[in-house]
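Quick notes on the structure that follows.
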Amino acid sequence: LVFRSVRLRVVGGRGHTTGVEPRPFGRLAGAKAAGIGVDPHMVVLTPARPAGEITVLNPHATRAEFSVDLRFGYATTDSAGQLRVELNDEPDNASAAGWIIPYPSRFVLKPGATRTVRLLARPPAILADGEYWARITVHARDDAPPISIDTADTTAPRLHIAMETATVLPVFFRKGMVSTGVAIGSVEAVARRGAIDVRATLTRNGNGAFIGVAHLIVHDSAGHLVATADRQIAVYRTMRPRWTIPIPPED
């Protein structure tokens with residue numbers, strides 16, 4: 049029986065206050081499995097520090113064409129409680145996509161080469177205190193030559209297969225006083241063999257995204273601790289995530 053399902057606490061999500069979070073270059077170089085290496089994993093800008101940067105790595109064995117763009121987006125959940133990033137181009141009061149500019153926005157990298165992309169925020173002259181969001185999307189397209197096909201027909205077309213990948217990371221612009229918190233709404237817990245599925249409605253308070261941890265505790269009917277779990281969360285507006293907590297077998 050779940051007596052107390054969810055407790056939230058901030059674990060330093062706002063510790064990275066301004067600028068870019070530095071990372072060892074080895075982490076970037078090791079990001080080959082993702083198809084694109086990008087560091088850092090997020091950028092935070094402010095009126096006092098309106099410029100930031102990301103470093104892009106080409107981990108492919110061939111040259112690749114890169115493009116960088118910004119769209120309004122934030123993390124949320126779908127109807128099944130799975131995390132997803134909502135991207136759209138509709139006007140939104142929290143959007144910074146229209147006034148954060150990447151440079152360069154297009155470039156070509158040789159295998160293993162890197163390029164610094166600078167980001168400059170040019171917010172409107174009148175902007176309320178709060179946090180504004182965008183998502184940086186880095187696209188990569190292999191610049192491989194066409195593949196020749198052995199055939200007696202000299203008029204046959206040449207096959208060209210190009211792989212295109214993309215990675216998305218958040219950028220925040222914080223102005224003035226930024227506050228945040230989470231209100232926990234309805235919570236449901238369903239027990240099944242070996243696990244408990246928990247769903248909770250989380251609504252952000254304040255004028256900035258809540259980046260923190262959901263701490264879940266499971267007790268049995270006698271009040272004894274059965275299991276605990278920590279899940280990272282990013283609550284931008286309202287979301288209803290689904291978490292699965294493994295339950296150890298009874299002795």
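Under my numbering, the first residue of the sequence shown carries the number 49, and numbering increases by one thereafter. Beta carbons: idealized from backbone N, C-alpha and C, even for Gly.
Asked: CB contact flag (V91, G100, <8 Å); Found: yes
Asked: Contacts around T292, its chain only, beta-carbon distance under 7 Å, and the 5 residues preceding and following it disregarded; Found: A243, D245
Asked: Local Cβ density within 10 Å of E179, reported as buried at 16 or more and exposed below that; Found: buried
Asked: Within 8 Å, strictly: CB atoms of R189 and E212; Found: yes
Asked: Among R241, V274, T249, V283, the one whose alpha carbon lies nearest that of G260; Found: V283
Asked: Every unbroken alpha helix (DSSP H) inside the stretch 77-140 [4 residues or more]; Found: none
Asked: Whole-angstrom distance between P218 and T110, CA atom to CA atom; Found: 28 Å
Asked: contact_flag[the stretch 148-166, the stretch 104-118] where n(CB pairs < 8 Å) is 3 or more; Found: yes
Asked: Neighbourhood of R285 by C-beta, 8 Å cutoff - its chain only, sequence neighbours within 5 removed; Found: Y122, T124, T251, R252
Asked: Per-residue DSSP class, three states only, for G260; Found: strand
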